[in-house]
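Q: The sequence shown: position 219 = 219 (the numbering used here), numbered continuously.
Beta carbons are placed, not taken as given, at the ideal position from N, Cα and C, and that holds for glycine.
None of the values given here were measured: they were computed from a predicted structure.
Dropping a structure here in structure tokens format, bear with me for questions.
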Amino acid sequence: MNKMIITEAKLFLREPAGPIFAILLPLGLLLGLGSIPGFREPSAELGGQRVIDTQLPGMMVILSVATMALSALPAVLVTYRESGVLRRLSTTPMPPLRLLVAQVINNVAVAVLAAALLVGLGNVFLGVALPGNPLAFVGVFLLGSASVFGLGLLIAAVAPSTKSAAGIGSLLMFPLLFVAGMWIPREMLPTLVQRIGDFLPLSPFAQALRDTWAGHAPQPLHLVVMAATLLVTGALSARLFRWE
1 MNKMIITEAK LFLREPAGPI FAILLPLGLL LGLGSIPGFR EPSAELGGQR VIDTQLPGMM
61 VILSVATMAL SALPAVLVTY RESGVLRRLS TTPMPPLRLL VAQVINNVAV AVLAAALLVG
121 LGNVFLGVAL PGNPLAFVGV FLLGSASVFG LGLLIAAVAP STKSAAGIGS LLMFPLLFVA
181 GMWIPREMLP TLVQRIGDFL PLSPFAQALR DTWAGHAPQP LHLVVMAATL LVTGALSARL
241 FRWE
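Below, the structure written as structure tokens:
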């Protein structure tokens, strides 16, 4: 298994555009938007809190995870299917499932690196406080990431081609980011949109990160939605995934 992970990591690094994009885009947005004076001043809409403290860090973490899970991972797996890699693996003693595990591990590693850089550099350069409830923050990050990667595996399971995988990923990612508060703070969205977002994968992930960043415990509903998303997408992915 370790050899498979290392091999996939080497292939991963031969075309690093996706991982670099998933790291540098959120980091650049955090540092760039965080330098705008309006984002560093208390906001009445956010109860007197700063956007840089309550919105940007968590949303940039979400953006990094979503980019790897909904864009990079499905594209690679569908490409492997189209090129016959998965079919050839199915005829060898190496279980194809190990390839999926190796891909998920490498993609999650990039998301973890991006999150660490966002937290660390945000604190150093913008004065963003470190997560007030670090253990809960790590737990939420792992559960939320797993739920989003489960959605990515489901895309890989049903997408008939690499182009369609990219299209499905984008079609899901941007609306999910919107209702999670990526471009407009969630508090400013219509109430109906907020309620719908509560039952979609990224909104509970974003809100739970914000809660733990502020030192609070995550809300049970958010944890239940993320766990349910992981279970449902995992079961569907296992049932629908095609090796050829």
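Do Leu73 and Tyr80 have their beta-carbon atoms positioned less than 8 Å apart in this structure?
A: In this structure, Leu73 does not lie closer than 8 Å to Tyr80 by Cβ.
Q: Quickly, what does DSSP pair Ser170 with across the bridge? List them, please.
A: Ser170 pairs with nothing; no bridge assigned.
Q: Going by the DSSP bridge assignment, what does Ser43 pair with across the sheet?
A: DSSP, once it has assigned bridges, lists Gln49 as partnering Ser43.
Q: Is the separation between the beta-carbon of Leu113 and that of Leu27 shorter than 8 Å?
A: No, the pair does not count as a contact, with Cβ atoms beyond the cut-off.
Q: Given this structure, state the Cα-to-Cα distance separating Met182 from Arg98, to the nearest angstrom.
A: Cα to Cα, the separation comes out at about 34 Å.
Q: Could you tell me which uninterrupted alpha helix (DSSP H) segments, each at least 4 residues in length, are contained entirely in the region 98-179, listed from first to last along the chain?
A: The qualifying runs are 134-158.
Q: Determine the direct distance from the alpha carbon of Ala228 to that of Ile280, and round the result to whole angstroms.
A: Residue 280 lies beyond the residue range present for the chain, which begins at 1 and ends at 244; the question has no answer from this structure.
Q: Given this structure, state the Cα-to-Cα distance separating Phe199 from Val225, to the nearest angstrom.
A: Rounded to whole angstroms, Phe199 to Val225 spans 6 Å at the Cα level.
Q: Candidates Phe39, Gln55, Phe205 and Pro175: which alpha carbon is nearest Phe149's?
A: Checked all of Phe39, Gln55, Phe205 and Pro175; the closest Cα to Phe149 is Phe205.
Q: Just to confirm, are Phe141 and Leu202 a CB contact at a threshold of 8 Å?
A: Going by C-beta atoms, Phe141 is not nearer than 8 Å to Leu202.
Q: Ends of the alpha helix (DSSP H) at Arg245?
A: The structure shown has nothing for residue 245, since the chain only spans 1 to 244.
Q: In angstroms with no decimal places, state the Cα-to-Cα distance between Val119 and Arg88.
A: Rounded to whole angstroms, Val119 to Arg88 spans 41 Å at the Cα level.
Q: Along the chain, where does the alpha helix (DSSP H) that runs through Gln194 open and close?
A: Segment Thr191 to Gly197, the alpha helix (DSSP H) holding Gln194.
Q: Is Thr233 buried or exposed, if buried means 16 or more other CB atoms sit within 10 Å of its CB?
A: Counting Cβ neighbours within 10 Å, Thr233 comes out buried, since at least 16 surround it.
Q: Going straight from the alpha carbon of Ala66 to that of Val158, what length do you get?
A: In a straight line, the C-alpha of Ala66 is about 18 Å away from that of Val158.
Q: Using the three-state DSSP reduction, which class does Leu86 fall into: helix, strand or coil?
A: Looking at Leu86 - three-state DSSP - the assignment turns out to be helix.
Q: Give every residue of the same chain whose Cβ lies closer than 7 Å to the Cβ of Ala214, excluding the five residues on either side of it in the sequence, and list them in chain order.
A: Taken in chain order, the residues that qualify are Gly132.
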